[in-house]
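Data first, discussion second: the structure below is written as structure tokens.
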Amino acid sequence: MSVYLIIIEVFLIIISSSTYSGSTTNDPNSEQHRKLFIGGLSFKTTDETLKEYVTKFGEVSDSLVMKDQNGQSRCFGFVTFTDPHAIDEFMKQRPHTLDGRQIDPKRAMPREEANNEEVHLTVKKIFIGGIRDGLNDEALRAYFEKFGHVNDCFLMHDKDGKTRGFAFLEFDGKVSISFAN
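In terms of mature numbering (1 follows the signal peptide of the UniProt record, and there is no 0), the sequence shown is residues -21 to -1, 1 to 160.
In structure tokens, the structure reads:
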């Protein structure tokens, strides 16, 4: 099965041992410095329950659990704090458990920055969203092997075995993700 980049919408999330420089804004109060990706959410987590939980760490301006076309949770979301220091406090208090599941918070990176050639980002682990049905782990791994050796590929499935539309890839070493352009 061929994998085409157009079937994959890459949300570039800074996940473990990454290096990031070249931010287009130095304003510490900009949204990019206040936004978190939250992975590993329960199917029953809502915008409201997510916001209620993270509000313990600071005032929240936005909370969103991503849903598929049928309104079913995709088990990840985004939280935007009003104060960028709240992210630091939230991250210091890990691990977090919400609705009986340990959640996986990461600092989010805007798509505009991901496509900015001046931005340099290297990671070992990436999140890939917007994956269409019919794609399997092997095809995904084969596509991304050209950017570096892939240690693990986790295409997420729901309780019925249906693809949930996102995956995590872990590379052997840090790789430049300029391939997303």
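Glycine is no exception: its CB is placed at the ideal position from the N, C-alpha and C atoms.
Every value quoted in this text rests on a predicted model; they were computed, and no experiment measured them.
Limits of the beta strand (DSSP E) - the one that residue i falls within
i      : result
Asp131 : Val129 to His136
Leu119 : Not the beta strand (DSSP E): Leu119 falls in the alpha helix (DSSP H), residues Asp116 to Phe123.
Cβ-based neighbour list, residue i, same chain, cut-off 7 Å, excluding 5 preceding and 5 following
i      : result
His136 : Thr142 and Arg143
Ala146 : Ile107, Ile110, Leu119, Cys132, Phe133, Leu134 and Met135
Ala87  : Ile(-9), Lys14, Leu15, Phe16 and Phe57
Asp26  : Ser42, Leu43 and Val44
Pro74  : Gln81
Glu68  : Phe36 and Gly37
Gly50  : none
Residue i, enclosing alpha helix (DSSP H) - first and last residue
i     : result
Leu29 : Asp26 to Val33
Residues bridged to residue i (per DSSP)
i     : result
Asp47 : In DSSP, Asp47 forms no bridge with anything.
Gln72 : None; Gln72 has no bridge partner.
Ser9  : Partner(s): none; Ser9 has no beta bridge.
Pro84 : Ile17
Asp41 : Thr59
Proximity of residue i and residue j at Cβ, strictly below 8 Å
i      : j      : result
Gly127 : Asp151 : yes
Asp41  : Thr28  : no
Cut-off 6 Å between Cβ atoms - residues of its own chain near residue i, not counting five sequence neighbours on either side
i      : result
Asp78  : Ser21, Lys23 and Thr24
Asp47  : Arg53
Val33  : Val39 and Val58
Asp116 : Cys132 and Leu134
C-beta neighbour in chain B for residue i, strict 8 Å
i     : result
Ser21 : The chain labelled as chain B is not found in the depicted structure, where only one protein chain is given.
Contacts around residue i, its chain only, beta-carbon distance under 8 Å, and the 5 residues preceding and following it disregarded
i      : result
Gly19  : Cys54, Phe55, Arg80, Gln81, Ile82 and Asp83
Glu38  : Phe60, Thr61, Asp62 and Ala65
Val129 : Arg120, Phe123, Leu148, Glu149, Phe150 and Asp151
Thr76  : Ile82
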